[in-house]
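To start, the structure itself, in structure tokens.
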Amino acid sequence: MKARLELARGGLRIAVAICVLLGAGALAPGAASAESTSSLEEIYAALRPQNLRTPTARTAFDAGDALEFQYDLVNTSATPLVIPLTDFFGASFHLVGSEQSWLERLGPDPTIPSIPAVIGRKGTWYASGGAISAVEGLPGNTLPAGGVVPRGASVFYSTDEFPTGRYRFHVEYKPVFGGLYDVIAETRFDFTIGGVPPDGTPPVIDVPSDILAEATSSAGALVSYAVSAMDAVDGSLVPDCSPVTGAMFALGTTTVSCTASDSAGNEALASFDITVADTLAPSLTLPASFAADATSALGADVTYSASATDIVDGATAALCTPASGSTFVIGDTTVSCTATDAARNSARGSFTVHIKGAPEQIADLIVLVDGYPLGKLGSSLHDKLVSTQRFLASGKRQQAKESLASFISQVAGQRGKGLTPAQADALNAAAQRILNVIGP
Ligand SMILES: [Ca+2]
Ligand SMILES: [Ca+2]
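Numbering follows the numbering used here, with no gaps: position 306 of the sequence shown is 306.
Here it is as structure tokens:
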């Protein structure tokens, strides 16, 4: 099959010839009848264009030379393709696909001045002009895994029009099957026009300075970076880096290695380090300062809750002095706490515990008594507590204890009378505790 298409664009004459070359030996003739035929989807999915080349293996052309290209359709699946005798409609089977090709001028200046719209950088030009009947002769044959159907797609350009330089010719092959299958596979070929000297200089990769990132979990941190590469001939290139930008980087230092290759195969390497560290201290959770009543002359046993969490380490011990459960002496005690993560970042915090001695507790007790509606009892309970206060203030402990004992005795006598049992019990408990605090 041979199709010829001629296009005229801006005075440029382009002739395309697409011919199918049935390669001798590429196809094993037919003992396929015993095998089940491949589905169209399998056939279209397996065939890919590869090995784009010029017939004479030339990669360098002079102005005026005809450019001609060939490629192969290769069975890229791991199993043989068994081509059916008839197609979906019962007609003689043939593959239908389309080819799309374009020419790209490589290097810092991608323009081809005299051929503006047709073959600009990435400008597309449909070499096939649409559907082609590609593989006549295949029905009933088997194409083994890796087997090739040689394809000739010859494109003739008036290379007089081309600036000297490096070029890349692309061919896309798009199998078409009722719109059901829509995959494009590409092959490409680099060549020069006009005696361009070989490019022996690799690209230059621009990598960032070493990066320090804060860990956001025990897994490390997601870190993004920007890398670029420039080649004197090919222009801007996209480097290939590992680990990729945006990846999770573990705690510690990871070297990111980048490579970039130009169209002449010169490779550049560059690297930089990403260090993920935990520099943030744990977060302490401490109680607010609080007060408690002494239960003896020694003070009171106090328990409290202190904890810490760290972004990286999770729950972290909070170490406090005095420890929870210690006996706190009467007066103010500062509890100092620290929490240290595995990276030795420390957080510090403190709170105050105030232990009330006898005078303060008596003052509280007076407030309590004064809050009760005592009626006939009048101020006798209040007065006994005030006396106790005065004796304590003047260092007369025995008299203070006697006054407080008298208070306790009156409370007991009024239980269920001038005082409710609950009131009497509360006053008695406080007074007994104060007695303990005053001591022997
Ligand atoms: Ca280069
Ligand atoms: Ca930390």
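Glycine is no exception: its CB is placed at the ideal position from the N, C-alpha and C atoms. Nothing here was measured: the structure is a model prediction, and the numbers come from that model.
- Pairing Y167 with L106 gives a Cβ-Cβ distance under 8 Å.
- The closest heavy atom of ligand 2 lies less than 7 Å from the beta carbon of V312.
- With fewer than 16 other beta carbons inside 10 angstroms of its own, D62 counts as exposed.
- When the alpha-carbon of N428 is set against those of L385, P84, G439 and Q399, the nearest one is in L385.
- Here the alpha carbons of S324 and S350 stand approximately 13 Å from one another.
- Taking non-hydrogen atoms of ligand 2 into account, the C-beta of D278 is found less than 7 Å away from one of them.
- Ranked by how close their Cα comes to the Cα of L368, the residues I193, A91, P322 and A424 have A424 in first place.
- Taking C-beta atoms as the reference points, T255 and D240 fail to come closer than 8 Å.
- Boundaries of the beta strand (DSSP E) around Y71: F69 to N75.
- Annotation for S409: the continuous alpha helix (DSSP H) segment containing it runs R397 to G413.
- If you check the C-beta of A232 against ligand 1, you find a heavy atom less than 7 Å away.
- The beta carbon of A400 sits closer than 7 Å to the beta carbons of T388, F391, L392 and I438 from its chain, once the five residues preceding and following it are set aside; these are given in chain order.
- When Cβ pairs closer than 8 Å are counted between the two stretches, the stretch 191 to 199 is seen not to touch the stretch 223 to 230, the count staying below three.
- Judged by their CB atoms, P80 and T142 are nearer to each other than the 8 Å cut-off.
- For D62, the Cβ stays outside the 7 Å cut-off from all heavy atoms of ligand 1.
- Judged by DSSP in its simplified three-state form, G252 adopts strand.
- Around the beta carbon of V244, fewer than 16 other beta carbons sit within 10 angstroms, so the residue counts as exposed.
- Cβ-Cβ distances below 6 Å link T216 to nothing in the same chain once the five nearest sequence neighbours on each side are left out.
- Annotation for N75 indicates a beta carbon at 7 Å or more from all heavy atoms of ligand 2.
- In this model, M230 and I211 are separated by some 22 Å (Cα to Cα).
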